[in-house]
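Worksheet: one structure, shown below.
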Amino acid sequence: MRIATYNVEWFSNLFARDGSLLIDDKWSGRHDVTRRAQIDALGIVFTALDADAVMIIEAPDGHRKRDGVAALETFAREMGLRARRALMGFVNETQQEIALLYDPDVMTARHDPLGPPRFDEAYHIDLDVDAAPEAVRWSKPPLEVQVETKSGALLRMIGVHAKSKAPYGSRDEDEIMRIAIENRRKQLAQCIWLRERIEDHLDEGDPLIVLGDFNDGPGLDEYEKLFGRSGVEIVIGEEGDTRLFDPHAEMVIDRPGGVMPATARFWMADRKRWMQTLLDYVMVSPDLRDKATDWRIWHPFDDPVGYKIPELREALLTASDHFPVSVELNL
């Protein structure tokens, strides 16, 4: 079966409060893209992806006045997707939920948070080596899912949207550095917390997939040198039988400074050019490595299959600033 992760920029803006699609020519959250154009593009991408389960990052928000699950299931129904059942975990306040859209004919799935601490609680760690542990929280708590396939195979998934390191609200160079370092510390603490949960699953022998947007990766910025390693490297783990595997991450870890695959594409207004970077991953536990094949980044220019289909290529560019990442899993 095909498992994927996809960060959909401002997916929430495409739905009314009752979960219906806003198919009109008003602007979406994406620059110079209407809601109709983004919805059409997402329909093409999700249809081509044809995944059995998609971990959606920046899914439609859910709270007492909005139902993100209903919104996703409406979208799936309107687009005729196999993955038509939606699951959401702890709701956050950022309008960017983490949700699983899956095919109920292939699997059942339930939100199954573990702890302590649970991912909607606080994790205490000494970030600045002053012997006084700080409380670290996720702004977007990871989605922990227990999956059972129709054949009876059990599988754990953890959907992740790690905190961005961008120095928002900074006014000068010193403040930019201070905020960037502070955010890097928090993100690394989140990744340490996540790694502990991963090791709990590995100790129990649980087949595990950790997937989503880490806003981080080997060699991504200069602050990595200050802390020694990236959050992605922490989550993947050390060499040995507890190390997770993602071939795109391994490419960068093994050949720092070499050719780097990209899962996201952003416009840099100050430089008037596009920046590409690797932010999205599908990591599998050691017991799944031999069962996982054909990792694919659905990049409109780098993926030869997608590039040859003009409709899909343009849809990928219109739908989001990230591209799906998928893996074929034989259970």
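To get our numbering, take the position in the sequence shown, counting from 1, and add 1435. Ideal Cβ placement from N, Cα and C applies to all residues, glycine included.
* To do: Mark residue 1567 as exposed unless 16 or more other C-beta atoms lie within 10 angstroms of its C-beta, in which case mark it buried.
  => exposed
* Inspect the CB distances between the stretch 1684-1700 and the stretch 1711-1724 and report whether three or more fall short of 8 Å. => yes
* How should residue 1543 be labelled, buried or exposed, when 16 other C-beta atoms within 10 angstroms of its C-beta is the threshold for buried? -> exposed
* Asked: With residue 1519 and residue 1485 assumed to form a contact (beta carbons below 8 Å), what rounded beta-carbon distance in angstroms separates them?
  -> Not quite, the Cβ-Cβ distance comes to about 12 Å (not below 8 Å), so this is no contact.
* For residue 1587, the first and last residue of its enclosing alpha helix (DSSP H) -> Unbroken run through residue 1587: none, as it is neither H nor E.
* Measure the Cβ-Cβ separation of residue 1509 and residue 1454 and say whether it is below 7 Å. => Cβ atoms of residue 1509 and residue 1454: closer than 7 Å.
* Asked: If residue 1594 and residue 1647 are in contact, beta carbons under 8 Å, what's the gap, nearest whole angstrom?
  -> 5 Å
* Asked: For chain D, is any of its Cβ atoms less than 7 Å away from the one on residue 1698?
  -> Reference to chain D is not applicable here, since this structure consists of a single protein chain.
* To do: Would you check if there are 3 or more beta carbon pairs closer than 8 Å linking the stretch 1442-1452 to the stretch 1490-1497?
  => yes
* **Proximal residues to residue 1756 (C-beta, below 7 Å), its chain only, five neighbours per side dropped** => Excluding sequence positions up to five before and after residue 1756, its CB lies within less than 7 Å of the CB of 1444, 1699, 1700, 1701, all in the same chain and listed in chain order.
* Under 7 Å between the Cβ atoms of residue 1534 and residue 1491? -> yes
* To do: Return the residue from the list 1707, 1681, 1688 that minimises the CA-CA distance to residue 1762.
  => The option with the nearest alpha carbon to residue 1762 is 1681.
* Using DSSP with H/G/I as helix, E/B as strand and the rest coil, what is residue 1650? -> Judged by DSSP in its simplified three-state form, residue 1650 adopts coil rather than helix or strand.
* Where does residue 1808 land, buried or exposed, given buried means 16+ other C-beta within 10 angstroms? -> In the structure as shown, the chain begins at 1436 and stops at 1766. Residue 1808 is therefore absent and cannot be evaluated.
* Asked: Among all the DSSP beta bridges, which residues are the ones paired with residue 1532?
  -> 1494
* Asked: Which whole-angstrom value is the C-beta distance of residue 1458 and residue 1470, which I expect to be below 8 Å?
  -> 7 Å
* Rounded distance between the beta-carbons of residue 1718 and residue 1644, thought under 8 Å -> Residue 1644 to residue 1718, Cβ: 7 Å. Contact.
* Sufficient close CB pairs (3 or more, under 8 Å) joining the stretch 1546-1554 to the stretch 1571-1584 -> Of all C-beta pairs linking the stretch 1546-1554 to the stretch 1571-1584, three or more are shorter than 8 Å, placing the two stretches in contact.
* To do: Go ahead and label residue 1502 buried or exposed: buried means 16 or more other beta carbons lie within 10 angstroms of its beta carbon, across all protein chains shown.
  => Here residue 1502 is buried, its C-beta having at least 16 other C-beta atoms within 10 Å.
* Going by alpha carbons, who is nearest to residue 1704 out of 1651, 1728, 1466, 1744? -> 1466
* Please confirm whether residue 1618 and residue 1575 have their CB atoms less than 7 Å apart. => At a Cβ-Cβ threshold of 7 Å, residue 1618 and residue 1575 do not count as neighbours.
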